[in-house]
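Asks: According to this note's numbering, the sequence shown is numbered sequentially starting from -4.
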Amino acid sequence: MHGAHPVSLTHFWTFDKKSGEVIGLDNLTEKSEEAIKAIVTAARHDVAQTIKQRQQPEANLDEMITKETLSNFTITDDGNTLTWPIGQASLLPSAYGELTIKVPTTAVAKYLQNSTAQKLANFPKPPEPKPAPAAPTPANPGKVIALTFDDGPGPYTAQLLDILDQYGAKATFFLIGSKVSGQASVVRSIHARGHQLGNHSWSHPELPKLSVGQIAGEIDRTNDAIKQATGVKPSILRPPYGAVNGVVLEQIRARGMSSILWSVDTRDWADRNSDIVCSRAVAGAHPGAIILMHDIHQTSVGAVPCILSALKQQGYSFVTIQTMLGTMTPGVGYP
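1) Indicate the three-state DSSP secondary structure (helix, strand or coil) for residue 262 in the structure shown.
2) Just verifying my parser: in three-state terms, what is the DSSP assignment at residue 191?
3) Please specify which runs of the beta strand (DSSP E), each continuous and at least 3 residues long, are wholly inside the segment 254 to 320, giving them in chain order.
4) Distance, Cα to Cα, residue 289 vs residue 159?
5) In the DSSP output, what is residue 328 paired with across the bridge?
6) Quick one: what's residue 96 bridged to in DSSP?
7) Give the C-beta separation of residue 284 and residue 302 to the nearest angstrom, bearing in mind that I take them to be a contact with Cβ-Cβ under 8 Å.
8) Helix, strand or coil: which one does DSSP assign to residue 322?
9) Between the Cα of residue 239 and those of 188, 229, 253, 230, spot the shortest distance and give me the residue it belongs to.
10) Using DSSP's beta-bridge definition, name the partner residues of residue 244.
11) Is it buried or exposed for residue 172, if we count other Cβ within 10 angstroms and need 16 for buried?
12) Whole angstroms is fine: what's the gap from residue 128's alpha carbon to residue 327's?
13) Report yes or no: do three or more beta-carbon pairs, one from the segment 310 to 320 and one from the segment 171 to 186, lie closer than 8 Å?
14) Please state the DSSP three-state secondary structure of residue 132.
15) Answer yes if the segment 186 to 197 comes into contact with the segment 227 to 236, meaning at least three C-beta pairs across the two stretches below 8 Å, and no otherwise.
16) Could you pull out every unbroken beta strand (DSSP E) segment of at least 3 residues lying fully inside the segment 144 to 216, listed in chain order?
17) Is it true that the CB of residue 147 sits closer than 7 Å to the CB of residue 291?
18) In this structure, does DSSP put residue 111 in helix, strand or coil?
19) For residue 218, count neighbouring C-beta atoms within 10 Å of its own C-beta (all shown protein chains included) and say buried if the count is 16 or more, exposed if not.
20) Measure the beta-carbon distance from residue 203 to residue 243 and round it to whole angstroms, keeping in mind my assumption that it falls under 8 Å.
21) Looking at the structure shown, is residue 239 part of a helix, part of a strand, or coil, going by DSSP?
22) Quick one: using the 10 Å Cβ neighbour count with 16 as the cut-off for buried, is residue 157 buried or exposed?
23) Look at the alpha carbon of residue 45 and the alpha carbon of residue 105, and state the distance between them as a whole number of angstroms.
24) If you run the structure through DSSP and keep just helix, strand and coil, what is residue 43?
25) For the alpha helix (DSSP H) that contains residue 58, what are its first and last residues?
26) Cutting at 6 Å between CB atoms, please list the residues of its own chain near residue 310, excluding the five before and the five after it.
27) Drop a sphere of 10 angstroms on the beta-carbon of residue 63, count the other beta-carbons inside from all chains shown, and report buried for 16 or more, exposed for fewer.
28) In terms of residues, what are the limits of the alpha helix (DSSP H) holding residue 22?
29) If you compare alpha carbons, which of 38, 145, 74 is closest to residue 166?
30) Quick one: using the 10 Å Cβ neighbour count with 16 as the cut-off for buried, is residue 246 buried or exposed?
31) Classify residue 227 as helix, strand or coil using the three-state DSSP reduction.
32) Near residue 27, what residues of its chain come up, given a Cβ to Cβ distance below 7 Å and the 5 sequence neighbours on each side ignored?
33) Note down the Cα distance separating residue 281 from residue 140, rounded to an integer number of angstroms.
34) Which same chain residues end up closer than 6 Å to residue 213 when comparing Cβ atoms and leaving out the 5 residues on each side of it in sequence?
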């Protein structure tokens, strides 16, 4: 038919050799919703990465990659990878072509520990999880504060770096990925001067409102841009607006990163007045405080000398998030 797109159908199953019965995803997971969700999330991430590498447009993977579409699977001979061969137009639109979804068994091993899974692939036993700290103990106890700056790099970031140098202060910068390449020299200067670089997404959306593939893209594109500029990949992410949920935290965890919020909000974006911003920061300061500011506003940068001077007189020193918190647990939100 003129204008029709070919459909390539691929049928696949995994069988129990003795009984001849089909082994489906439910058999591996014992219908655990948590396990199925983890596998579906990992599969969506794999497809999102494939689409990204092929430079194809984003797809609505939340609708296309589901428990139902993954119910049958195959497994590599070495037992290391769950796979789903997807024919052209059988799951994604025909323009995406054929692909094979791959989920390493190590990524979901803790969910697949029943006898069926063990016989099929000898899934490795996951290490016993360590309880995540409800309130982390600072690696650098005492009167330390972490100044953090969001939404840069901006036109005042270079000026801010000079101010921080004058006071011997270190800070953490959560960068917007789309701004990095245009101001790569400023980003390199942030790193070279001993400050910490963090991820603040590519385009500043509310991450919980996005699909898993879109969340992954926001994080990965920003990490890639920062690494290209500095050679360093961020280990921390601040979700825009502080908006986070379990799906977002899982994507952060999968990349070995931690989520960083704040304990003192200067509201410098609302009150474009350096004196007000300084007063709010100083009033809220406490040992271990994480202060939220934005280096895209001149009034915010103008408040920094006042903040540093006042808090230094109170005996505070200014360190990066990494210095303050030390080793952080991937996927955990601080504070």
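Just so it is clear, CB atoms sit at the ideal spot from N, CA and C, and this is done for glycine as well. Predicted, not measured: the structure shown is a model, and the values here were computed from it.
Replies: In short:
1) coil
2) strand
3) 284 to 289
4) 14 Å
5) 254
6) 79
7) With 8 Å as the limit, residue 284 and residue 302 do not qualify as a contact, their Cβ atoms being about 11 Å apart.
8) coil
9) 253
10) Its beta-bridge partners do not exist; DSSP assigns none.
11) buried
12) Only weak support exists for where residue 128 lies, its pLDDT of 42 falling under 50; the coordinates are left without a value.
13) no
14) With a pLDDT of 47 at residue 132, under the threshold of 50, the predicted position of this residue should be treated as unreliable, though the coordinate-derived value follows. Here residue 132 sits in coil by DSSP.
15) yes
16) 166 to 170, 191 to 194
17) yes
18) helix
19) buried
20) 6 Å
21) coil
22) exposed
23) 25 Å
24) helix
25) 56 to 59
26) 138
27) exposed
28) 20 to 24
29) 145
30) buried
31) coil
32) 106
33) 7 Å
34) 196, 197
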